[in-house]
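My numbering runs 46 ahead of the 1-based position in the sequence shown. Built from N, CA and C at the ideal position, the CB exists for glycine as well. Down below is the structure, laid out as structure tokens.
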Amino acid sequence: MKKSWLIIMLFAFIIGLCANYYFNGPSRHQPPTQILDFKGSDNKAVNIFDPQDPRIRIVYFGFTRCPDVCPTSLAMLSAALKQLNAAEMKRIRPMFITLDPERDSGDDAQKYAHYFHSKMEGFSGSLEATKILANRYGVIFQKTELQDSALNYTIDHSSYFYFLKPDGTLLKKVPHTLNPQPLILAIQNLEKDNMT
47 MKKSWLIIML
57 FAFIIGLCAN
67 YYFNGPSRHQ
77 PPTQILDFKG
87 SDNKAVNIFD
97 PQDPRIRIVY
107 FGFTRCPDVC
117 PTSLAMLSAA
127 LKQLNAAEMK
137 RIRPMFITLD
147 PERDSGDDAQ
157 KYAHYFHSKM
167 EGFSGSLEAT
177 KILANRYGVI
187 FQKTELQDSA
197 LNYTIDHSSY
207 FYFLKPDGTL
217 LKKVPHTLNP
227 QPLILAIQNL
237 EKDNMT
């Protein structure tokens, strides 16, 4: 009986260690170790983690042909940005990164982002670079074929706003919202939380 109990406790301990590593491990909170190739306006290369730019990145991952979640999320981010003062706006760099680089060029992503707010930047990278970046922050996405549709496929994806240090370190994430207030509070708390 004691041996069975010991095996169960050991197994539970190992599961706990694995869960702790998965949720709190270094991959989600440390900056990217490689430079990823992304393009923005006019399909020009851009370093989204430029160390010379001290602003906190607020990143939303989506795609330009998204019928509902992306437009709603970016509209909420836009509404939040419109309620910030000039000093708060100077501390942040809002970004949209496409999860559909097959159809969305850097220029497409930039135009889409600008539709929602003039300070929002849009980027597209290779599928490989997109997967690396998405995996780093736990973004879940997959291509789903559409029968009898001119679009041929859609992208199913998670919906969060990722607050990142200039080096790419994850500070916090805010889930999809139908109200800009959680985003406003998160932005205003950056200084209070000493995240800038």
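Kindly indicate which residue of 115, 91, 125 has the alpha-carbon position closest to the one of residue 230. 125
What separation, rounded to the nearest whole angstrom, lies between the Cα atoms of residue 116 and residue 108? 6 Å
First through last residue of the alpha helix (DSSP H) which encompasses residue 115: 115-128
By Cβ distance below 6 Å, which residues in the same chain neighbour residue 22 in space, the five residues on each side in sequence not counted? Limits of the chain in this structure are 47 at one end and 242 at the other, which puts residue 22 out of reach.
Between which two residues does the alpha helix (DSSP H) holding residue 228 run? 227-238
State the Cα-Cα distance for the pair residue 123 and residue 143, rounded to the nearest angstrom. 14 Å
Hey, out of 214, 197, 235, 228, whose CA is closest to residue 99's CA? 214
Using the DSSP secondary-structure output, state which residues sit across from residue 324 in a beta bridge. No information on residue 324 is available, as it lies outside the stretch 47 to 242 that the chain covers here.
Our contact map puts residue 178 next to residue 203 with C-beta atoms below 8 Å; I'd like the distance itself, whole angstroms only. That pair is no contact at about 16 Å.
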